[in-house]
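Report on the structure given below.
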Amino acid sequence: MLRSIVISLAALLACSATHAAPAPADKPTAARPHAKPHATAFDAAINGSWRNAKDRARDQYRHPAQTLAFFGVKPDDAVVEITPGGGWYADILAPYLRNRGHYAAAIWDDAIPNQPEYRYRLNKALREKFSAAPQIYGTPALPVFDPAKPVFGTPGSADMVLTFRNAHNWVADGNADTYFRAFFDVLKPGGTLGVADHRAKPGTSLETMKKTGYLTEALVIQLATQAGFKLEAKSQINANPKDNANHPNGVWTLPPTNQHDAADDAKYQAIGESDRMTLRFRKPR
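And the structure:
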């Protein structure tokens, strides 16, 4: 009798599993906001001895652990970071993704002449950083792109595209929509776009945004949604209520650029780095 009950129960469970409703095919896979991703490897990257003291001092403003957790980066992801500059986030992402994932630092095509000098200089420094320490960074990809018509990889090849404090430059150049479409193209269906940038007050004019380097959340959301993305979540991780976004030299008045009179240094150091939006978008499946 007992044996027949066990057999019947097993059959019932098997039947239930067979007829379980499948997950909708077009529902994005939600990231787990604020959950620290794979703590051991992530902590090792955040606390890596290769990160210099100057970069570590900025953690209080850039909140890398919380920001990357909010975006949902995983150690087996294929991640494209757009123009990493001096490599502040590359020092975390490349070691974290080295063993199981793939990190690509998309940089300006320095075969194109007559670009701003800093692009050639930053490209050279980033290449040297990676080549000097493969035991730390592995072998990150360094794909180059034409700023006039950016392409960031094979279509549908990336799990995540990340951009930190870059969108204001594209808005100023008048080609931000081109970049967002390129992000959409390189991402897999269901892939994530993570954006952090200086935040303007709602209602700020486009001309003021171009001049000051601060963007409204509404503009960034518009650019992303026009490219096909869905806004999934906002975070206040990188908010700074001390910053009113109204400074003589725009966002560059504040640290770390510090374009201000020496007499005003204490004032701007007390404000700290800019108030920033942190937005997570999803490419629909």
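Sequential numbering of the sequence shown, starting at 21, is according to my numbering.
The beta-carbon is built from N, C-alpha and C at its ideal position, and this holds for glycine as well.
The structure displayed is predicted, hence computed values, not measured ones.
- Using a 10 angstroms sphere on the CB of Lys-149, the tally of other CB atoms reaches 16 or more, which defines it as buried.
- Put simply, the backbone Cα of Lys-231 is about 23 Å away from that of Trp-128.
- Here Val-215 carries a strand assignment [DSSP, helix/strand/coil].
- If only uninterrupted alpha helix (DSSP H) runs of at least 4 residues are considered, those enclosed by the region 140 to 216 are 154 to 157, 187 to 193 and 196 to 206.
- Its chain contains Tyr-81, Ile-291, Gly-292, Glu-293, Ser-294, Asp-295 and Arg-296 as the residues whose beta carbon lies nearer than 8 Å to that of Asn-260, once the 5 sequence neighbours on both sides are disregarded; these appear in chain order.
- The region 65 to 149 contains, as complete alpha helix (DSSP H) runs of 4+ residues, the segments 73 to 77, 79 to 82, 84 to 91 and 110 to 117 (chain order).
- Around the C-beta of Trp-108, 16 or more other C-beta atoms lie within 10 Å, and the residue is accordingly described as buried.
- CA-to-CA, the gap between Glu-252 and Thr-212 works out to about 9 Å.
- In the three-state scheme derived from DSSP, where H, G and I count as helix and E and B as strand, Ala-220 is classed as coil.
- Taking 8 Å as the cut-off, the Cβ atoms of Pro-163 and Gly-173 count as close.
- Between the region 190 to 202 and the region 112 to 122 there are fewer than three inter-stretch CB-CB distances shorter than 8 Å, so the stretches are not counted as touching.
- For Glu-237, the enclosing alpha helix (DSSP H) covers residues 237 to 247.
- DSSP places Thr-298 inside the beta strand (DSSP E), whose first and last residues are 296 to 302.
- In the structure shown, Glu-252 adopts extended strand secondary structure according to DSSP, grouped into three states.
- With a cut-off of 8 Å on Cβ pairs, the region 238 to 252 is not in contact with the region 70 to 87, counting fewer than three such pairs.
- Under the 8 Å Cβ criterion, the region 145 to 160 counts as touching the region 91 to 107, having at least three qualifying pairs.
- The three-state reading of DSSP puts Tyr-288 in helix, counting H, G and I together.
- About 6 Å separates the beta carbons of Gln-289 and Pro-275, which is inside the 8 Å limit, making them a contact pair.
- In this chain, Lys-262 is not harboured by any alpha helix (DSSP H), its DSSP state being neither H nor E.
- In this structure Thr-236 is not in contact with Ala-247, their Cβ atoms being roughly 17 Å apart against a cut-off of 8 Å.
- With contacts defined by Cβ atoms closer than 8 Å, Leu-299 and Val-215 form a contacting pair.
- Annotation: Asn-269 to Arg-120 spans about 43 Å, alpha carbon to alpha carbon.
- Going by DSSP, Thr-273 is part of no alpha helix (DSSP H) at all; its letter is neither H nor E.
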